[in-house]
Amino acid sequence: MTKTTKLSGKYSANNLFTFFSGAVFSAAVILTPTAYALTIIPDAPQINAKGFILIDYTTGKIIAEENADTLLAPASLTKIMTSYIIGKELQNGNIKNTDKVLISEKAWAKKFPDSSKMFIEVGTEVTVSLLNQGIIVASGNDACVAMAEHIAGSESAFTDLMNAHAQQLGMTNSFFENSHGLDSDSHMTTPRDMATLAIALIRDVPEEYAIYKQKSFTYNNIKQYNRNGLLWDKSLNVDGMKTGHTSNAGYSLVTSATKGDMRLVTVVMGTASERARKVESKKLLNYGFRFFETITPYKAGEIFISNRVWMGDKENVDLGILYDTPITIPRGQRKNLKANFELNQQLTAPLAKGTVVGTLFLQLNDKDIAQYPLVTLEEVNEGSLISRLVDYVKLQFAN
Numbered sequence: 000m001t002k003t004t005k006l007s008g009k010y011s012a013n014n015l016f017t018f019f020s021g022a023v024f025s026a027a028v029i030l031t032p033t034a035y036a037l038t039i040i041p042d043a044p045q046i047n048a049k050g051f052i053l054i055d056y057t058t059g060k061i062i063a064e065e066n067a068d069t070l071l072a073p074a075s076l077t078k079i080m081t082s083y084i085i086g087k088e089l090q091n092g093n094i095k096n097t098d099k100v101l102i103s104e105k106a107w108a109k110k111f112p113d114s115s116k117m118f119i120e121v122g123t124e125v126t127v128s129l130l131n132q133g134i135i136v137a138s139g140n141d142a143c144v145a146m147a148e149h150i151a152g153s154e155s156a157f158t159d160l161m162n163a164h165a166q167q168l169g170m171t172n173s174f175f176e177n178s179h180g181l182d183s184d185s186h187m188t189t190p191r192d193m194a195t196l197a198i199a200l201i202r203d204v205p206e207e208y209a210i211y212k213q214k215s216f217t218y219n220n221i222k223q224y225n226r227n228g229l230l231w232d233k234s235l236n237v238d239g240m241k242t243g244h245t246s247n248a249g250y251s252l253v254t255s256a257t258k259g260d261m262r263l264v265t266v267v268m269g270t271a272s273e274r275a276r277k278v279e280s281k282k283l284l285n286y287g288f289r290f291f292e293t294i295t296p297y298k299a300g301e302i303f304i305s306n307r308v309w310m311g312d313k314e315n316v317d318l319g320i321l322y323d324t325p326i327t328i329p330r331g332q333r334k335n336l337k338a339n340f341e342l343n344q345q346l347t348a349p350l351a352k353g354t355v356v357g358t359l360f361l362q363l364n365d366k367d368i369a370q371y372p373l374v375t376l377e378e379v380n381e382g383s384l385i386s387r388l389v390d391y392v393k394l395q396f397a398n
C-alpha cells in the first residue's frame, strides 16, 4: 500500500521509510509553508493573426496558442532555417566567416525585384560574415541564394538540407522549397514548427543568434535597418528574431525576449500590417511576463531528501535529480508548489551512485505539473555481516 504524508519542511522526511518495507512508497514535501492562495490568471489576449503561439523557451511550456498547427506561408521566416544551417556549418568548421563567396547570376540582386535584398552584384566576392548579416538584418533574398550555393552547391540541394534539419528538429508540418521564403505552392510551415526552430537556433547556435539583435547593416554604401521593430521597444528586452511578409503570407514575426530568468518565444503569423505584427507580438510577451514565471525548484545534484537504506554501510542515502528542474508556473504561485516523491521499492544496498530509485513529482494546486527520475547521489556499499543481520531482524518485525 502506498503511504502518503504531507510534511512541513523541504528535508523533513528523512526517516519516513524507516519501518516500512512495501513495494512502493510516496511522500509530499511543501517547498514553502504557507496558506493556500489561488492566483487568478486571465485568458490570453485576443490576437488578430492567422495563427500564433507563446512558449517558454526554457521549459517548453505553451502559455497560449491558436491555430498553431495550421499550415501557413512563412515568407521570410524561412530565413531562420537558412540562418540555422549557416550557424551549424560555422560551428562544425565546414565554412568560416572569412570565406569569400563568389556571387552567381542566380544570386544577383536584380533577380529579386520588389523584394528585400542585400544588393549584392554578380561576379563580386562577399564574405560569409557579410552575407549572414545580410540575411538576418536586411532579410536579403539574394544573400540567401548565395549562401545556399556556397554551402550545398545549389539552392535545390540546400533545400534538401533545410528539410532534413526540419525533420531532425521535429518540424513535422514544414516543407521548404527555397532558401528565402518567396511564395511557392508547397512552401509551408506552422506557428508551432517555427517556435521549435526558433528555440533550436537560440539553444544550438548562440553565436548565430547574437546577430539577430543587430539593428542595422551597411553594404555597398546602403544602410538597412532590422525590420523587427520590437528591438527598439524599451519596455521589453527583445533580442531577436525575424520578420516575414508577402502578399500571400501577410505580416509575420517571430520574437524572443527575456525578463529575469524567463525567456519567451512568440510566433505571430498572418497579421494585416507591419504595425499589427509588432502590436500582437508585444501583447503576447506582456501577457507571458506579467502572469507567468520560470523557476527552478531543484538543481542537479542538490539533495532532495535523505532516505533509509537497508543492508548498507550507512543508514541513509541522499536522493536527488540528475538535471535541473525548470518549470513554468503562474506568477505568485511559487509558495503553493509541492514536491512529491515515490520510491519504486525499498532501498537495499548495494546501490551505485546515480541509480534510479523512484520519481520526483512537482505539484501545484494538487495537480502534477512535472516529474523527474529520483536517483541516489552517492554510492552505498553492503554493510558488515552484523549490521545486515540487525537490518534483517528489523525488517522481519516491520513486516
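Residue numbers (numbering that gives the first Met the number 0): 0 to 398. C-beta atoms are modelled at their ideal positions from N, C-alpha and C, and glycine is treated no differently.
Under 9 Å between C-beta atoms of residue i and residue j
{"i": "Thr347", "j": "Val389", "result": "no"}
{"i": "Ala106", "j": "Val127", "result": "no"}
{"i": "Val266", "j": "Val278", "result": "no"}
{"i": "Leu229", "j": "Lys281", "result": "yes"}
{"i": "Phe118", "j": "Asp141", "result": "yes"}
{"i": "Thr81", "j": "Ser183", "result": "no"}
{"i": "Glu314", "j": "Lys352", "result": "no"}
{"i": "Asp323", "j": "Thr295", "result": "yes"}
{"i": "Leu53", "j": "Tyr286", "result": "yes"}
{"i": "Met146", "j": "Ile221", "result": "no"}
8 Å CB neighbourhood of residue i in its chain, flanking five on each side removed
{"i": "Ile368", "result": "Ile326, Ile328, Leu361 and Gln362"}
Residue interval of the beta strand (DSSP E) (run including residue i)
{"i": "Ile326", "result": "Ile326 to Pro329"}
{"i": "Thr217", "result": "Ser215 to Tyr218"}
{"i": "Gly239", "result": "Asn236 to Thr245"}
{"i": "Met261", "result": "Met261 to Thr270"}
{"i": "Glu88", "result": "Run containing Glu88: none in the beta strand (DSSP E); it sits in the alpha helix (DSSP H), Thr77 to Gln90."}
{"i": "Ser305", "result": "Ile304 to Arg307"}
Cβ-based burial, residue i [other Cβ within 10 Å; buried from 16]
{"i": "Tyr56", "result": "buried"}
{"i": "Thr188", "result": "buried"}
{"i": "Phe111", "result": "buried"}
{"i": "Thr242", "result": "buried"}
{"i": "Pro205", "result": "exposed"}
{"i": "Lys95", "result": "exposed"}
{"i": "Leu284", "result": "buried"}
{"i": "Gln345", "result": "buried"}
{"i": "Gln399", "result": "Nothing in the structure corresponds to residue 399, since the chain is present only between 0 and 398."}
{"i": "Arg274", "result": "exposed"}
{"i": "Asn380", "result": "exposed"}
{"i": "Thr123", "result": "exposed"}
{"i": "Asn93", "result": "exposed"}
Alpha helix (DSSP H) segment containing residue i, residue limits
{"i": "Leu160", "result": "Glu154 to Leu168"}
{"i": "Phe288", "result": "Glu273 to Phe290"}
{"i": "Glu206", "result": "Pro205 to Tyr208"}
Neighbourhood of residue i by C-beta distance below 7 Å, restricted to the same chain and skipping five residues each side
{"i": "Thr195", "result": "Leu168, Gly169 and Met170"}
{"i": "Thr58", "result": "Thr293, Pro325, Ile326 and Thr327"}
{"i": "Tyr35", "result": "At Tyr35 the pLDDT is 48, less than 50, meaning the model places this residue with poor confidence; the figure from the coordinates comes in the next sentence. Only Asn335 meet the Cβ criterion."}
Residues near residue i by beta carbon distance below 6 Å, same chain, minus five either side
{"i": "Ser114", "result": "Asn140"}
Tell me whether the segment 346-362 and the segment 66-77 touch, counting them as touching only if at least three CB pairs, one residue from each stretch, are closer than 8 Å.
At 8 Å Cβ cutoff, the stretches do not touch.
Is the segment 136-152 in contact with the segment 213-231, if contact means three or more CB pairs nearer than 8 Å?
These segments touch.
Determine contact between the segment 83-93 and the segment 216-224, defined as no fewer than three beta-carbon pairs at a distance below 8 Å.
As far as the Cβ criterion goes, the segment 83-93 does not touch the segment 216-224, which means the pair count is below three.
Would you check if the segment 158-172 and the segment 246-263 touch, i.e. whether three or more CB-CB distances between them fall below 8 Å?
Note that the segment 246-263 does not touch the segment 158-172; fewer than 3 beta-carbon pairs, one per stretch, sit closer than 8 Å.
Stretch-stretch touch, CB-based, cutoff 8 Å, three pairs: the segment 329-338 with the segment 37-48:
Between the segment 329-338 and the segment 37-48 there are three or more C-beta pairs closer than 8 Å, enough to call the two in contact.
Pairing CB atoms from the segment 74-83 with CB atoms from the segment 186-202, are three or more of them under 8 Å?
Judged by Cβ distances under 8 Å, the segment 74-83 makes contact with the segment 186-202, as three or more pairs qualify.
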